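Residue numbers (our numbering): 4 to 106.
Note that CB positions come from ideal geometry on N, CA and C, so glycine has one too.
These numbers come from a predicted model, not from an experiment.
Down below is the structure, laid out as structure tokens.
Okay, structure coming up:
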């Protein structure tokens, strides 16, 4: 997860993704995703459909025995996706403006 954040974090400043600079929009985008996937995990755990290995997790459990790593995953992956999406949008917007100026 740290690697994913480290790779996409420069997009905020280098390509002006502006994700961290708009915290309300970030929360509006992240909260539904996190809520749905945490609920899905809780349902799977409560019904006994899946478990998490103590060998591969920290052992820190949230309510309903959801590992901390799951919550971190559900925040970091969409965050990295948003950073990438916004950075690509910025680059394409610049490219289109330059191209329109050349015409």
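Inter-residue Cα distance where the pair is residue 100 and residue 5
34 Å
Less than 8 Å between the C-beta atoms of residue 15 and residue 95, yes or no?
Cβ distance not < 8 Å, so residue 15 and residue 95 don't count as in contact.
Between the C-alpha atoms of residue 58 and residue 36, what's the straight-line distance to the nearest angstrom?
27 Å
Give the single residue among 21, 32, 24 and 19 whose Cα lies nearest to the Cα of residue 169.
Any property of residue 169 remains undetermined from this structure, which presents the chain solely from 4 to 106.
Simplified DSSP state of residue 18, which is helix, strand or coil
coil
DSSP beta-bridge partners of residue 65
69
Just how far apart, CA to CA, sit residue 93 and residue 46?
Taking the straight line from one Cα to the other gives about 38 Å.
Backbone CA spacing between residue 8 and residue 50 [nearest angstrom]:
32 Å
Between which residues of its own chain and residue 44 is the CB-CB distance below 7 Å, once the five residues before and five after are set aside?
69 and 73
When the distance is taken between beta carbons, is residue 48 closer than 8 Å to residue 67?
It is a contact, given that the beta carbons lie within the stated cut-off.
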